[in-house]
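*Asks:* My questions all concern the structure below.
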Amino acid sequence: MKKTLLLLWLSCSLFFASYAQETKTKVGKNAYLKVNPTTLINELDIYLEQELSDKFSLEVGISGIYTDYPDYVLAKKVDFGQKKPDISTEQFVDGRGLGFRVGMRWYLVSPDMDMAPVRAAGTYFEPILFYKKVFYPNQDNTISNVTYTDSGDKSVVGLQLLIGRQFKKDRFLLDPFIGIGIRSKIYNYNTYHFDANNNVSLNNGKLVSILPSLQVGIKMGLKLW
Numbered sequence: 002m003k004k005t006l007l008l009l010w011l012s013c014s015l016f017f018a019s020y021a022q023e024t025k026t027k028v029g030k031n032a033y034l035k036v037n038p039t040t041l042i043n044e045l046d047i048y049l050e051q052e053l054s055d056k057f058s059l060e061v062g063i064s065g066i067y068t069d070y071p072d073y074v075l076a077k078k079v080d081f082g083q084k085k086p087d088i089s090t091e092q093f094v095d096g097r098g099l100g101f102r103v104g105m106r107w108y109l110v111s112p113d114m115d116m117a118p119v120r121a122a123g124t125y126f127e128p129i130l131f132y133k134k135v136f137y138p139n140q141d142n143t144i145s146n147v148t149y150t151d152s153g154d155k156s157v158v159g160l161q162l163l164i165g166r167q168f169k170k171d172r173f174l175l176d177p178f179i180g181i182g183i184r185s186k187i188y189n190y191n192t193y194h195f196d197a198n199n200n201v202s203l204n205n206g207k208l209v210s211i212l213p214s215l216q217v218g219i220k221m222g223l224k225l226w
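When we follow this note's numbering, the leftmost residue of the sequence shown carries the number 2, and every step to the right adds one.
Okay, structure coming up:
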């Protein structure tokens with residue numbers, strides 16, 4: 002993850018250097034509230050975009066995670082030789098958590114080349130750093146009339162590089178995007194099982210996976226001020 006953070010730092014440094022050269026651009030005050038309906042299957046994503054200039058804006062987001070079932074499908078049902086976390090289906094389904102993200106958005110092309118630049122509209126490039134934490138519910142596991150408690154959690158940190166095109170109409174906007182990214186998932190779990198000698202053993206495990214990812218989605222929003 003040190004390489005990931007270094008890449009993000011270099012990207013942001015280039016953006017801020019370009020932003021510093023825009024000395025003649027007035028700072029904007031418009032802000033936009035957005036949601037991402039493409040993620041509603043497992044979480045509610047809310048974003049706030051704040052204009053900084055004609056070309057730059059800051060976007061921050063928060064996610065409320067109410068199930069981790071999609072990750073169950075990817076982590077345990079899709080088999081491409083990866084190690085699988087010792088977390089039950091029920092724990093994945095009932096997982097709850099929060100996510101946070103921050104991105105620096107650079108608008109490259111205006112919606113209409115024949116018109117004056119329009120703030121927070123047009124084709125953009127945006128690096129995003131994000132973090133998620135999911136808590137899996139404890140699960141009682143009865144073995145030989147003795148009840149043991151299985152527990153677990155997951156942390157996710159990653160970098161996304163997005164390209165999108167934001168459209169504005171009065172106070173409404175649409176923001177379709179596509180991109181690539183890399184993320185690290187860290188599972189921690191304590192589960193009890195019979196071992197080879199028919200004794201109860203504790204699997205105090207930690208599983209770390211680093212995988213690339215493809216990002217496709219669309220955000221919808223309103224101008225706040």
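For every residue, glycine included, the Cβ atom is placed at its ideal position computed from N, Cα and C.
With I157 and K133 assumed to form a contact (beta carbons below 8 Å), what rounded beta-carbon distance in angstroms separates them?
*Replies:* Note on identity: in this sequence residue 157 is Val, with Ile being the wrong assignment. About 4 Å separates the two Cβ atoms, so the contact holds.
*Asks:* Sort G165, K186, G123, K169 by Cα distance to F131 and report the nearest one.
*Replies:* Of the listed residues, the one whose Cα sits closest to F131 is K186.
*Asks:* Can you check whether the CB of Q140 is closer than 9 Å to the CB of D151?
*Replies:* Going by C-beta atoms, D151 is nearer than 9 Å to Q140.
*Asks:* Between which two residues does the alpha helix (DSSP H) carrying Q92 extend?
*Replies:* Where Q92 is concerned, the enclosing alpha helix (DSSP H) stretches over 90 to 94.
*Asks:* For V103, name the three-state secondary structure that DSSP assigns.
*Replies:* DSSP places V103 in strand when its eight states are reduced to three.
*Asks:* Which of helix, strand or coil does DSSP assign to D72?
*Replies:* Helix at D72.
*Asks:* Can you have a look at P71 and say buried or exposed, based on whether 16 or more other CB atoms are within 10 angstroms of its CB?
*Replies:* Under this definition P71 is an exposed residue.
*Asks:* Could you check what DSSP says for K30 in three-state terms: helix, strand or coil?
*Replies:* In the structure shown, K30 sits in coil (DSSP, three-state: anything other than H, G, I, E or B).
*Asks:* Assign S145 to one of two classes, buried (16 or more other C-beta atoms within 10 Å of its C-beta) or exposed (fewer than that).
*Replies:* By the 10 Å Cβ count, S145 comes out exposed.
*Asks:* Report the CB separation of G222 from L34 in whole angstroms; it is logged as a contact under 8 Å.
*Replies:* That belief holds up - the Cβ atoms of G222 and L34 are roughly 6 Å apart, short of 8 Å.
*Asks:* Check each candidate in K30, R166, I42 and name the one with the smallest Cα separation from Q51.
*Replies:* For the residues K30, R166, I42, the minimum Cα distance to Q51 belongs to K30.
*Asks:* Could you pull the start and end residues of the beta strand (DSSP E) that D151 belongs to?
*Replies:* From DSSP, the beta strand (DSSP E) with D151 extends over 147 to 170.
*Asks:* Counting only the same chain and skipping the five closest in sequence on each side, list residues whose C-beta sits under 6 Å from that of Y188.
*Replies:* Only P86, K155, L208 meet the Cβ criterion.
*Asks:* Tell me whether P38 sits in a helix, a strand or coil according to DSSP, three-state version.
*Replies:* Note: P38 maps to helix in three-state DSSP.
*Asks:* Tell me whether the beta-carbon of P128 lies closer than 9 Å to the beta-carbon of G104.
*Replies:* It is a contact, given that the beta carbons lie within the stated cut-off.
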